[in-house]
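Novice: Under our numbering, the residues of the sequence shown are numbered 67 to 361, in order.
We put the CB at the ideal spot given by N, CA and C, even for glycine.
Let me give you the structure first, and then I'll get to my questions.
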Amino acid sequence: MSFDVAIVGGSFAGLSAALQLARARRRVAVFDTGLRRNRFAAASHGFLAQDGRPPGEIAAQAREQLLRYPTVQWIDAAVSGIAGEADAFEVQAGGRTWPARRIVLATGVSDGLPAIPGLQERWGRHVFHCPYCHGYELDEGRIGVIAVGPVSLHQALLLPEWGRVTFLLNGAFQPGEDDLRELSARGVAVEAAPILAIEGEARVVLEGGRVEDFAGLFVASRTEPASPVAQQMGCALDESPLGRCVRTGPMKDTSVPGVFACGDLARAAGNVALAVGDGAMAGAAVHRSLMFGPG
67 MSFDVAIVGG SFAGLSAALQ LARARRRVAV FDTGLRRNRF AAASHGFLAQ
117 DGRPPGEIAA QAREQLLRYP TVQWIDAAVS GIAGEADAFE VQAGGRTWPA
167 RRIVLATGVS DGLPAIPGLQ ERWGRHVFHC PYCHGYELDE GRIGVIAVGP
217 VSLHQALLLP EWGRVTFLLN GAFQPGEDDL RELSARGVAV EAAPILAIEG
267 EARVVLEGGR VEDFAGLFVA SRTEPASPVA QQMGCALDES PLGRCVRTGP
317 MKDTSVPGVF ACGDLARAAG NVALAVGDGA MAGAAVHRSL MFGPG
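Next comes the structure, spelled out in structure tokens:
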């Protein structure tokens with residue numbers, strides 16, 4: 067079967083893009099592996115009318131609504147490669163080749179975390195990266211910010227809006243005199259001792275055996291595209307302080323004609339609401355591209 071659009075990734079951005087195209091009665095294939103970036107989080111926050119709801123429930127309901135449109139096909143398979151060009155792409159997935167005129171990349175990103183024992187297991191539950199998503203629930207308690215580099219200074223300066231902050235340097239960043247003055251002005255304590263492990267919910271064990279208990283911990287993850295498909299296709303990437311993302315224009319078009327990208331894959335930082343907005347823009351832009359050409 068030939069499709070107008072193949073969407074690689076069926077999380078929030080991909081679902082939103084697919085919905086716009088389905089409502090334009092276009093033939094859409096969504097390829098998905100079920101590995102949403104926020105699958106570790108118990109609740110999603112900051113998305114209108116869905117605040118506090120488990121993200122898996124939101125995604126499942128969105129998929130159910132999308133699949134009511136008869137022109138949409140859901141394919142539970144990872145895309146291993148995409149060949150061809152606009153109007154004649156070939157998507158390799160699940161041991162088959164699927165023809166498509168346009169491509170939407172919505173694969174999301176993976177989060178690289180510092181190698182601290184116990185940190186990965188608490189990611190999304192007691193260790194976070196976005197205070198707008200998870201800060202309020204910490205109830206103005208003690209917050210630890212684990213440094214990974216200079217980008218962590220901004221995080222430490224931002225988080226006093228949500229609680230009493232300790233900046234855990236962990237040998238990854240050394241504040242200068244001006245930095246220390248800024249931190250002091252924001253009421254941020256600085257802890258230089260290396261971290262040995264994270265225990266309990268958000269208990270930090272420091273070198274020498276000292277223990278600090280926090281309501282939650284924040285760390286700036288290093289992001290990379292969750293799939294190599296964008297790089298394989300030759301899409302230009304941008305480097306940000308938080309990692310790499312696919313470069314797009316205002317209409318979510320990439321550097322490769324006929325290929326669009328949206329969601330966390332195509333922005334330096336994001337959340338569910340932004341992913342849904344990006345997907346809506348990408349879906350509408352792809353529809354126009356099908357009518358008027360890839361540009």
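1. What's the gap between the Cα of A84 and the Cα of P316?
2. DSSP beta-bridge partners for L234?
3. Considering just the uninterrupted stretch of the alpha helix (DSSP H) at E273, what are its terminal residues?
4. Tell me the rounded alpha-carbon separation between L27 and E151.
5. Checking 7 Å against the spacing of the C-beta atoms, do L231 and L225 come in under that value?
6. Count Cβ pairs between the region 236-247 and the region 299-311 that sit closer than 8 Å; are there 3 or more?
7. Can you check DSSP and say which residues form a bridge with W140?
8. Alpha carbons only, please: which of P120, L219, Q86 is nearest the one belonging to A286?
9. Secondary structure at D177, three-state DSSP: helix, strand or coil?
10. Going by Cα to Cα distance, which pick from A88, S306, A258, G184 is closest to D330?
11. Please confirm whether P165 and S77 have their CB atoms less than 7 Å apart.
12. Relative to the C-alpha of F284, which residue among Y135, C196, F97 is closest?
13. Going by DSSP in three states, P316 sits in which element: helix, strand or coil?
14. Between which two residues does the beta strand (DSSP E) containing D117 stretch?
15. Out of curiosity, what's the CA-to-CA distance linking T163 and Q139?
Specialist: According to the data block:
1. 19 Å
2. I212, E257
3. Unbroken run through E273: none, as it is neither H nor E.
4. The chain is shown only over 67 to 361; residue 27 falls outside these bounds and no answer can be derived.
5. Checking the sequence, you will find Val at residue 231 rather than Leu. By the CB criterion at 7 Å, V231 and L225 fall inside the cutoff.
6. no
7. In the DSSP output, where bridge partners are listed per residue, W140 has V96.
8. L219
9. strand
10. S306
11. In this structure, P165 sits away from S77, with a CB-CB distance that is not shorter than 7 Å.
12. Out of Y135, C196, F97, C196 has the C-alpha closest to the C-alpha of F284.
13. coil
14. D117 -> no beta strand (DSSP E), and no H or E assigned at all.
15. 15 Å
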